[in-house]
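All residue numbers for the sequence shown refer to UniProt numbering, where the first residue is 1 and numbers rise by one. Right, one structure below, let's go through it.
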Amino acid sequence: MVRQFGTHFHFFAALSEISPNYASDYGDLYSFLIENFCRNGMLDSSIETFIHMCKLGVPVSPYVLSRMLTFLVDSNRVHVILDLYGEVCKALRGQYFCVYEFVMVALLNKGKVETGLDFHSAVIERGFVVDIVACNKILKLLCKESQIGVGEDFFNALIMGGPEPNVVTFSTMINAYCKDGKLEEAIKLYKVMIEKGVSPDLVVYSILVDGLFKAGKLEEGLRLFSRH
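Written out as structure tokens, the structure is:
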């Protein structure tokens with residue numbers, strides 16, 4: 001149905017003449033347009049509609065934005081997401097929807113791991129705030145999928161560029177090392193954790209004790225813990 005408007009339709013102008021209060025009255029209609037433009041392969045029109053909504057202060061639902069972001073990921077247009085990132089976050093302010101986490105998970109589910117790492121770095125470089133809680137979820141997803149090497153790359157990206165890892169970040173990576181039989185790496189990371197002033201919790205100790213016990217090195221672990 002939306003194809004009748006063409007790529008340069010004047011629907012916005014028509015709405016502005018119909019009602020001076022369309023910013024609040026036409027939110028559902030604009031959202032309908034965005035989703036249907038996406039479904040019909042008219043991503044540029046959906047983006048134009050979204051930008052127009054933002055300028056007018058028309059509320060955008062998380063569902064509609066998630067659809068647009070999904071289509072952008074599927075069409076390998078992550079650079080567009082980065083260009084719109086600030087506006088998307090602003091449009092979703094006060095709503096329980098993390099743009100960063102949604103895009104990262106979508107990329108990883110598509111097997112676009114390197115693109116995901118690049119997206120993370122680009123978001124940080126552009127000065128946007130990223131929640132470490134969301135990063136912890138991404139790290140856990142990577143390690144769960146037996147991509148410990150990629151998990152290491154992501155963890156190192158957090159160490160180098162932020163957001164600053166917390167105890168959950170460290171425990172997730174330490175657990176991945178222990179499960180992969182890389183006990184020495186787990187112990188090294190535990191020491192890094194201490195050096196950075198991140199206090200281990202019971203989860204960290206339980207993970208390491210379990211790993212050391214299974215490797216027959218429990219006494220070595222107890223000596224290590226006694227020094228900290």
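From the three backbone atoms N, C-alpha and C, an ideal C-beta is built for every residue, glycine too. Since the structure is predicted, the reported quantities are computational estimates derived from the model, not experimental observations.
| Asked | Found |
| --- | --- |
| Cβ-Cβ distance between I207 and N166 below 8 angstroms | no |
| Nearest residue (CA-CA) to C38, options D201, S75 and V129 | S75 |
| Which of helix, strand or coil DSSP assigns to F97 | coil |
| Cut-off 6 angstroms between Cβ atoms - residues of its own chain near K179, not counting five sequence neighbours on either side | none |
| Straight-line gap, G181 to I138 (C-alpha atoms, nearest Å) | 22 angstroms |
| S24 classed as buried or exposed, judged by whether at least 16 other C-beta atoms fall within 10 angstroms | Because the pLDDT of S24 is 49, which lies under 50, any placement of that residue in the model is unreliable, and the number read from its coordinates should be weighed accordingly. Exposed, by the Cβ-count rule. |
| Beta-carbon proximity of E113 to V150, cut-off 8 angstroms | Before going on, a small fix: residue 113 reads as Val here, not Glu. Contact: yes. |
| Reduced DSSP category for R39 - H, G, I as helix; E, B as strand; rest coil | helix |
| 4 or more residues per run - each alpha helix (DSSP H) lying fully within the UniProt repeat "PPR" (166-200) | 167-179 and 183-195 |
| CA-to-CA distance, E185 to Q147, given in whole angstroms | 15 angstroms |
| Pair within 8 angstroms by beta-carbon distance, F213 and L189 | no |
| Cβ distance (whole Å) where A65 is taken to contact A91 below 8 angstroms | Here residue 65 is Leu; the residue named in the question, Ala, does not match the sequence. The pair is a contact, with the Cβ atoms about 7 angstroms apart (cut-off 8 angstroms). |
| Separation of G57 from L33, as counted between CA atoms | 16 angstroms |
| Inter-residue Cα distance where the pair is D44 and L29 | 17 angstroms |
| Whole-number beta carbon distance between F119 and residue 230, since they are thought to touch under 8 angstroms | Residue 230 cannot be examined here, being either before or after the span of the chain that is shown, 1 to 228. |
| Span of the alpha helix (DSSP H), counted from its first residue to its last, around V129 | Premise fails: V129 is in no alpha helix (DSSP H) and is neither H nor E. |
| Contacts around S61, its chain only, beta-carbon distance under 7 angstroms, and the 5 residues preceding and following it disregarded | S31 |
| For V88 and C98, the rounded distance between their alpha carbons | 10 angstroms |
| Heavy atom of the ligand FMN within 7 angstroms of T172 beta-carbon | Judged by which ligands are present, the structure shown has none, so any question about the ligand FMN falls away. |
| L33 (DSSP reduced to helix, strand or coil) | helix |
| Whether D83 touches L117 by CB criterion (8 angstroms) | no |
| C-beta neighbour in chain D for F50, strict 8 angstroms | Reference to chain D is not applicable here, since this structure consists of a single protein chain. |
| C-beta atoms of Y100 and V123 nearer than 8 angstroms | yes |
| N156: first and last residue of the uninterrupted alpha helix (DSSP H) it sits in | I148 to G161 |
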